[in-house]
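Asks: In order, the protein sequence lines correspond to chains H and D.
Residue numbering for the first sequence follows my numbering, beginning at 1152 and increasing consecutively.
Residue numbering for the second sequence follows my numbering, beginning at 1152 and increasing consecutively.
In this text, a Cβ means the ideal position worked out from N, Cα and C, and glycines have one as well.
Keep in mind that this is a model prediction, so the values were computed, not measured.
2 protein chains.
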Amino acid sequence: MALPPTVLAPIADYFKVLSELSRLQVLCTLKTGAKSVTEIIAETGLGQANVSKHLKILAQAGLVSRTPQGVSVYYEIAEPFIFDLCELVSDRLAKRLAAQSEQLKQLEAWQQTKAVSPQ
Amino acid sequence: MALPPTVLAPIADYFKVLSELSRLQVLCTLKTGAKSVTEIIAETGLGQANVSKHLKILAQAGLVSRTPQGVSVYYEIAEPFIFDLCELVSDRLAKRLAAQSEQLKQLEAWQQTKAVSPQ
DNA sequence: AAATTTTATTATTATATGGTAATATAGTTG
DNA sequence: CAACTATATTACCATATAATAATAAAATTT
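1. With a cut-off of 8 Å, does the C-beta of residue 1198 (chain H) fall near any C-beta of chain D?
2. Could you spell out the range, first to last residue, of the alpha helix (DSSP H) harbouring residue 1156 (chain H)?
3. Kindly indicate which residue of H:1197, H:1259, H:1251 has the alpha-carbon position closest to the one of residue 1156 (chain D).
4. Under 8 Å between C-beta atoms, does residue 1157 (chain H) make it to chain D?
5. If we cut at 8 Å on Cβ distances, does residue 1254 (chain H) have a partner in chain D?
6. Can you check which of these residues, H:1177, H:1175, H:1166, H:1210, is closest to residue 1174 (chain D) by C-alpha distance?
7. Name, please, each residue of chain D whose Cβ falls closer than 7 Å to the Cβ of residue 1232 (chain H).
8. Quick check on residue 1223 (chain H): buried or exposed, where buried means 16 or more other Cβ atoms within 10 Å of its Cβ?
9. How about residue 1207 (chain D): is its C-beta nearer than 8 Å to some C-beta of chain H?
10. Any idea if residue 1248 (chain H) is buried or exposed, counting beta-carbon neighbours within 10 angstroms, 16 or more meaning buried?
11. Which whole-angstrom value describes the C-beta separation of residue 1203 (chain H) and residue 1188 (chain H), a residue pair presumed to lie in contact below a C-beta threshold of 8 Å?
12. Select from D:1181, D:1160, D:1260, D:1190 the residue whose C-alpha is nearest the C-alpha of residue 1229 (chain D).
13. Please report the residue range of the alpha helix (DSSP H) in which residue 1188 (chain D) lies.
14. First and last residue of the alpha helix (DSSP H) that includes residue 1202 (chain H)?
15. Starting from the C-beta of residue 1270 (chain D), find all residues in its chain whose C-beta is less than 7 Å away, skip the five residues before and the five after it, and write them out in chain order.
16. Would residue 1161 (chain H) count as contacting chain D if we go by Cβ distances under 8 Å?
17. Run through DSSP, which three-state label would residue 1215 (chain D) get?
18. List the endpoints of the continuous beta strand (DSSP E) containing residue 1224 (chain D).
19. Let's see if you can read the secondary structure: which residues bound the alpha helix (DSSP H) around residue 1175 (chain D)?
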């Protein structure tokens, strides 16, 4: 029997948080340490309201922590684990590209053969 | 400087494919081997058109392979890697729950202390 | 306290997407 | 070829969500 939705749903939700480019950009900004919202806005080039909303989603998901400091609010990675995930996916995508390029090379070699001894 | 969107976008897209409960259900169905669409429909309880659409998305993402066989079409996991990802996330979520329950226990112990020696 | 800065929220719009019914397509069997 | 089965596609609706502008709220400075 298949895994019940109750088990899979939280996993899907976790992936969903990571499935938006803007949120990944925000997270990457925090890779080098805690940053204020203003700094995040500057680094990503995203709009203020937009960043604020994404940070709320990331905080609710438990991926970042929030610490107000004076007028500013600093956000920090709470689960460095997410970078492991991103790297795994990135590596997998790279391997795909490598395999594709290898196949292309094979194809070219075969075409060479055909040109040398046609028919 | 942060990673450019051109690098992060494919990663976000990869996560996006895995961020839907129905698609995870379909993938889990294939964990034990290739299955026809009819079998997938039966195991998941999802609608026919729905399953067909999700399978298309999974195939385009390169996560499953498609092999017609007579009237049926069999789909198979093309990247077992996805189950590693799911398991990593699942483990992480489990650790979270464990940590929460531990905190709860600590809180209860503290309340006991307070009850024994009030003030 | 007024002005300023920083962050959060609300309202709105545009777009994307999941689900379903209906239809189309393709292969199989009588 | 007609009937049937399996899968794909199309059209449609409902919902979710990303982005932005406008506004609010909170802390700081003058």
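Replies: The relevant details are as follows:
1. no
2. 1156 to 1168
3. H:1197
4. no
5. no
6. H:1166
7. 1243
8. exposed
9. no
10. exposed
11. 7 Å
12. D:1181
13. 1188 to 1195
14. 1199 to 1211
15. For residue 1270 (chain D), the predicted structure reports a pLDDT of 46, less than 50, and the residue's modelled location is therefore unreliable. A value from the coordinates is still provided. For residue 1270 (chain D), where only same-chain residues beyond five positions count, there are no Cβ hits under 7 Å.
16. yes
17. strand
18. 1223 to 1228
19. 1172 to 1180
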